[in-house]
Amino acid sequence: MSGPLIELDRVSRTYTTPAGTITAVDDVSLSLGESETICLVGESGCGKTTTGRMLAGLLRPSRGRLLFEGADVWEKKGNDLARFRRAVQLVHQDPYASLNPTRTVAQTLAPPLAKHKKAHGRAARAAMISLLERVGLTPPADFLLKYPHQLSGGQRQRVSIARALTVDPRVIVADEAVSMVDVSIRISLLDLLHNLATEFHVTTVLITHDLAVARYFARKGRIAVMYLGRVVELAETEPLVSDPAHPYSAALIAAIPEADPTITRTKKRVSLRGAEVPSLLNLPPGCAFHPRCPLAEPGLCDVVIPTLDDLPGGRSVACHVALRERQPAAELLGVAH
Amino acid sequence: MTAAVTAIDRRDVTRLPGPLASVVEFLRMMSRKPVGLIGLIGVVFFLFLAYVAPFLVPLQDQVDVTSIYAKPSFLHPLGTDFQGRDVVNQIVYGGGDIITTAILAALFSTLIAITFGSIAATLGGRIDSLILAITDVALTIPQLILLIVIAAIFRPTSFFALAVILALLQWPALLRQIRAQVLSLKERDFVEAARSLDLGLLHIIFREMLPNMRSYIVIHFIIAMTLAIYAQAAIMFLGLVPLSGRNWAIMLYFAYNQGALFFKDSFFYLMGPIMAIALFQLSLVWLASGLEDVFNPRLRS
Amino acid sequence: MTVPVLSVRELSIDYRTRRGPVHAVRNVTFDLDQGETLAIIGESGSGKTTLAVGLIRLSPRSARVTSGEIRYDDGKRTFDVLSLEAERLRRFRWADCAMVFQAALSAFNPVITIWEQFLDTGRAHGMSDKHKVHDRTRELLDLVHLDPTRVLRAYPHELSGGMRQRVLIAMALLLDPRIVILDEPTTALDILTQRAIIDLLRDLRAKLGFATIFISHDLSIAAELADRMLTMYAGRVVERASVDDLFYRPRHPYSVGLMRAVPRVSGALGSVVSIPGSPPDLIRLPRGCSYYPRCPFHVDQCLEEDPPLLAVDTPDHEAACIRWQAVAAALGSDAEAPVAEKLA
Numbered sequence: 162m163s164g165p166l167i168e169l170d171r172v173s174r175t176y177t178t179p180a181g182t183i184t185a186v187d188d189v190s191l192s193l194g195e196s197e198t199i200c201l202v203g204e205s206g207c208g209k210t211t212t213g214r215m216l217a218g219l220l221r222p223s224r225g226r227l228l229f230e231g232a233d234v235w236e237k238k239g240n241d242l243a244r245f246r247r248a249v250q251l252v253h254q255d256p257y258a259s260l261n262p263t264r265t266v267a268q269t270l271a272p273p274l275a276k277h278k279k280a281h282g283r284a285a286r287a288a289m290i291s292l293l294e295r296v297g298l299t300p301p302a303d304f305l306l307k308y309p310h311q312l313s314g315g316q317r318q319r320v321s322i323a324r325a326l327t328v329d330p331r332v333i334v335a336d337e338a339v340s341m342v343d344v345s346i347r348i349s350l351l352d353l354l355h356n357l358a359t360e361f362h363v364t365t366v367l368i369t370h371d372l373a374v375a376r377y378f379a380r381k382g383r384i385a386v387m388y389l390g391r392v393v394e395l396a397e398t399e400p401l402v403s404d405p406a407h408p409y410s411a412a413l414i415a416a417i418p419e420a421d422p423t424i425t426r427t428k429k430r431v432s433l434r435g436a437e438v439p440s441l442l443n444l445p446p447g448c449a450f451h452p453r454c455p456l457a458e459p460g461l462c463d464v465v466i467p468t469l470d471d472l473p474g475g476r477s478v479a480c481h482v483a484l485r486e487r488q489p490a491a492e493l494l495g496v497a498h
Numbered sequence: 003m004t005a006a007v008t009a010i011d012r013r014d015v016t017r018l019p020g021p022l023a024s025v026v027e028f029l030r031m032m033s034r035k036p037v038g039l040i041g042l043i044g045v046v047f048f049l050f051l052a053y054v055a056p057f058l059v060p061l062q063d064q065v066d067v068t069s070i071y072a073k074p075s076f077l078h079p080l081g082t083d084f085q086g087r088d089v090v091n092q093i094v095y096g097g098g099d100i101i102t103t104a105i106l107a108a109l110f111s112t113l114i115a116i117t118f119g120s121i122a123a124t125l126g127g128r129i130d131s132l133i134l135a136i137t138d139v140a141l142t143i144p145q146l147i148l149l150i151v152i153a154a155i156f157r158p159t160s161f162f163a164l165a166v167i168l169a170l171l172q173w174p175a176l177l178r179q180i181r182a183q184v185l186s187l188k189e190r191d192f193v194e195a196a197r198s199l200d201l202g203l204l205h206i207i208f209r210e211m212l213p214n215m216r217s218y219i220v221i222h223f224i225i226a227m228t229l230a231i232y233a234q235a236a237i238m239f240l241g242l243v244p245l246s247g248r249n250w251a252i253m254l255y256f257a258y259n260q261g262a263l264f265f266k267d268s269f270f271y272l273m274g275p276i277m278a279i280a281l282f283q284l285s286l287v288w289l290a291s292g293l294e295d296v297f298n299p300r301l302r303s
Numbered sequence: 417m418t419v420p421v422l423s424v425r426e427l428s429i430d431y432r433t434r435r436g437p438v439h440a441v442r443n444v445t446f447d448l449d450q451g452e453t454l455a456i457i458g459e460s461g462s463g464k465t466t467l468a469v470g471l472i473r474l475s476p477r478s479a480r481v482t483s484g485e486i487r488y489d490d491g492k493r494t495f496d497v498l499s500l501e502a503e504r505l506r507r508f509r510w511a512d513c514a515m516v517f518q519a520a521l522s523a524f525n526p527v528i529t530i531w532e533q534f535l536d537t538g539r540a541h542g543m544s545d546k547h548k549v550h551d552r553t554r555e556l557l558d559l560v561h562l563d564p565t566r567v568l569r570a571y572p573h574e575l576s577g578g579m580r581q582r583v584l585i586a587m588a589l590l591l592d593p594r595i596v597i598l599d600e601p602t603t604a605l606d607i608l609t610q611r612a613i614i615d616l617l618r619d620l621r622a623k624l625g626f627a628t629i630f631i632s633h634d635l636s637i638a639a640e641l642a643d644r645m646l647t648m649y650a651g652r653v654v655e656r657a658s659v660d661d662l663f664y665r666p667r668h669p670y671s672v673g674l675m676r677a678v679p680r681v682s683g684a685l686g687s688v689v690s691i692p693g694s695p696p697d698l699i700r701l702p703r704g705c706s707y708y709p710r711c712p713f714h715v716d717q718c719l720e721e722d723p724p725l726l727a728v729d730t731p732d733h734e735a736a737c738i739r740w741q742a743v744a745a746a747l748g749s750d751a752e753a754p755v756a757e758k759l760a
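Chains as they are written, first to last, in this note's numbering: chain V, 162 to 498; chain H, 3 to 303; chain P, 417 to 760.
Structure follows, in structure tokens:
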């Protein structure tokens, strides 16, 4: 099919509170094709979860549009809207809250199968078994009668994914779906999500604060780095991870503690000019990162908001300096691999 | 915090046929808390007494002036009343009306509370404010006074009507609870997932949220029964309700008015219904206490 | 040869539950030397948190130490922590050994200011002079790079996660302990905040010289700060080694599995793969090695008995596995390269 499957077009989300206006997401555009894997990465408060929820149609943008198959989602009505709702599913972070504790696995999977696939009784059971197999819960029959409290965190997440799959979604947004799961089984869950994209053509978006998880999950896809509500860098994973174009991405990657003593104790750091993250109530003028940025140029970075533009090599970055020098910030800071 | 799922327990109760499995599971849970089990036994006993026993024991309606307020004896284990009728017999026949009315009242109040509590919480806005305002008014009026006034005005002529009146006084408390629960459940991830899966409002309320409120509902139901029984005892004792019959509350009325207080031998005529009511109430309360555990799915195997 | 500051021998802790006793910690033995940093790595159900709180005897009522001893040396004498009585135990906690909990809001009393928390802590452990507590607190807050004036006035919810973690670290150092135990110090913190806390801990350790025990599921914090490491599985210590040995030359299949299951940002991805299966039920432990069902190296003999810690081919390195040589052979080289690469 031509054109992107799902798109955020200059989307913003603001909240008015007694303390002032919070801009959780500011002018974000993201375009995703079929079978794509992409990660939204950033620290807390960067707006990645809000962006993910807007992508899933669970939150209405204050400005901008959400487009699915070219059409504005929030203009849709009736059947059209219902079709969109089913096409984009969210997998939640907390395996202990994402399943109804009073319902068995079978009782959780049955209603969407009944309503949307008109499957009841034996047909429904067969469908459930095949879904549970697909998400790696074997032997499937053993899991049907279990309550959530009888399952481990990883198993619950798999059931959540199975539930999302009951409606044959085109897009799955996984919001920190592996953060609350044991370290040793994260990879298998990420593999499952990755498989959905490659084998079943489900566009999969993973929201995470863990760059190592992002690198693994999106190894054949892209990563979008967010800071204070804006996308500061959007690129294919390997180039971004080895040679980040934005100074914030460079600082993040240089700061990550790694599970390898030699690497982590000898990593070159990027020193930032300040440790405090500005409040969303009071965004700095111009580039939101400029108060902490080692490359910031007064008169430019504190005045004009940088837009996401292309650098040579198929990557986009929102940084005046990097764009002007036509070089990734990592190289300018001397931390490129 | 880890739940290790190894091989499925061979003695897993879920392998028994559905209804039987639930009953076994239920009894197993209840036996953990002795109080609950005693309550269950008590309630079952009184239900049997009220509904089944009348078919086994013939009604003794004959007035016998020679044995007014007779002492307890083999023939009359609790003595006789002011017209020479057997007290035990009256206790057997006296439960049905009271308990039925209590069940009906509890049922109506629960239904009102669930319906309007869910509506208030899911729709929000003005409707929510309106329902809350009405609830608050209902909550602040002293219940017994209101009951007496309503009973005096409307003079209910059937137990059904009485049940309706009693229900109208009890829904506020549960409504607030239901509303609070629905408000918090609304935000839960699994409810959001049900919305994304386009499962419909009715499914969300009845299949996703209500099962999480089972404990509140059932326990409220039981407590509502106890309140309905107290209310009935009160207004019938005060002679406000022109209902005939020989239920426990009316026995109290007659006992008091016919001077049972002043005779040594009529002690059981007075105490009989009091004890019946009190023991039934106690059983209900203990049952409710035991049920709290049963409704927590985490405490199952 | 100095005496280790902490010596744990055959420590076992059970929890009482309805279904039976949960053997959360089983026969744990290790030493902590003066000024050394030990990382105890494990996942949910490994027993690491039970062990950590057990070391300072802060376990809940349902926990019971069923065997073992914890010997602490304060520079002058050695005594068994498990036999300490109330008053002496209270002084042990915090003056000799302090604990830094995860910086969730629940680690704080939400209705009193930070200064009042410091004061309470000081008073609870024998510092009666308010001014002394105040001076010491300011000194410590400076040390952890916080502005004392601003922080002392604040309530816990007014501080960010990173600031709260620093406050907890400062509080732990109030009485200048010889040992500091940190439970998941960087979990739930942002990357840049994690980095700051790790650097801070390194800094403090150099300045003040205390011994440290980290409890975490996060291998990277061990890689950053640890001298030696323990991996725990199903309540037991399954490997004990220097940090380089454990990362590059692990000898227990679980350690290998763990190293292989963690993706990295720098360097090649290698063959990252999850460990199949789940940890065992700690109430009904199977006979023999508890890692058997998930282990790619298992043989029938593994089911006979729970393997003891055996010395392996590098010095000061033990693994609870009878097949450690097979593990070594599978890894191939002894180079300082990550396991995922070696097994790719």
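A virtual CB, placed ideally from N, CA and C, is assigned to each residue, including glycine.
Assuming residue i is part of the beta strand (DSSP E), what are its boundary residues?
{"i": "ASP447(P)", "result": "436-448"}
{"i": "GLY484(P)", "result": "479-489"}
{"i": "ARG295(V)", "result": "Looking at the DSSP string, ARG295(V) is not in any beta strand (DSSP E); the run it does join, the alpha helix (DSSP H), is 282-295."}
{"i": "SER440(V)", "result": "No beta strand (DSSP E) contains SER440(V), which DSSP labels as neither H nor E."}
{"i": "ALA627(P)", "result": "627-632"}
{"i": "LEU427(P)", "result": "422-433"}
{"i": "ASP187(V)", "result": "181-193"}
{"i": "ALA396(V)", "result": "391-397"}
{"i": "GLN316(V)", "result": "No beta strand (DSSP E) holds GLN316(V); the alpha helix (DSSP H) holding it covers 314-326."}
{"i": "ASP496(P)", "result": "494-496"}
What's the C-alpha gap between residue i and residue j?
{"i": "GLY542(P)", "j": "ARG507(P)", "result": "7 Å"}
{"i": "LEU685(P)", "j": "LEU759(P)", "result": "11 Å"}
{"i": "ALA657(P)", "j": "LYS429(V)", "result": "27 Å"}
{"i": "ALA677(P)", "j": "ALA756(P)", "result": "8 Å"}
{"i": "ASP343(V)", "j": "ARG710(P)", "result": "15 Å"}
{"i": "HIS714(P)", "j": "ARG376(V)", "result": "32 Å"}
{"i": "VAL388(P)", "j": "LEU641(P)", "result": "Here chain P covers residues 417 to 760 and nothing more, so residue 388(P) does not appear."}
{"i": "GLY292(H)", "j": "THR102(H)", "result": "23 Å"}
{"i": "SER160(H)", "j": "GLN234(H)", "result": "13 Å"}
For residue i versus residue j, is the C-beta distance shorter than 9 Å?
{"i": "GLU574(P)", "j": "GLU485(P)", "result": "no"}
{"i": "LEU216(V)", "j": "VAL332(V)", "result": "yes"}
{"i": "ALA638(P)", "j": "PHE626(P)", "result": "no"}
{"i": "ALA108(H)", "j": "HIS205(H)", "result": "no"}
{"i": "SER694(P)", "j": "GLN316(V)", "result": "yes"}
{"i": "ILE129(H)", "j": "ALA122(H)", "result": "yes"}
Whole-angstrom Cβ separation of residue i and residue j, contact assumed at under 8 Å?
{"i": "ARG324(V)", "j": "ALA195(H)", "result": "6 Å"}
{"i": "TYR664(P)", "j": "TYR649(P)", "result": "That pair is no contact at about 20 Å."}
{"i": "ARG171(V)", "j": "ALA185(V)", "result": "15 Å between Cβ atoms; not a contact."}
Just curious, the alpha helix (DSSP H) that residue i is in, first and last residue?
{"i": "TYR308(V)", "result": "First-last for TYR308(V): undefined, no H or E at that position."}
Starting from residue i, find everything on chain B with Cβ-Cβ shorter than 7 Å and list it in chain order.
{"i": "THR425(V)", "result": "The structure shown contains no chain B; its protein chains are V, H and P."}
Quick one: list the residues of chain P neighbouring residue i, beta-carbon separation under 7 Å, in chain order.
{"i": "VAL204(V)", "result": "A small correction: the amino acid at residue 204(V) is Glu; Val does not occupy that position in the sequence shown. Correct list: ASP606, ILE607 and LEU608."}
Please list, in chain order, the chain V residues whose beta carbon lies closer than 7 Å to that of residue i.
{"i": "ALA123(H)", "result": "Simply none; closest approach about 17 Å."}
In chain H, which residues lie with their C-beta within 8 Å of the C-beta of residue i?
{"i": "SER259(V)", "result": "ASP191, PHE192 and ALA195"}
{"i": "THR263(V)", "result": "PRO213, ASN214, ARG216 and PRO299"}
Run down chain V in chain order and give the residues with a C-beta less than 9 Å from the C-beta of residue i.
{"i": "HIS205(H)", "result": "PRO272 and LYS276"}
Kindly list, in the order they appear in chain P, the residues whose Cβ is closer than 9 Å to that of residue i.
{"i": "ALA372(V)", "result": "In the sequence on display, residue 372(V) carries Leu and not Ala. Going along chain P in sequence order, the residues near LEU372(V) (Cβ under 9 Å) are ILE607 and VAL681."}
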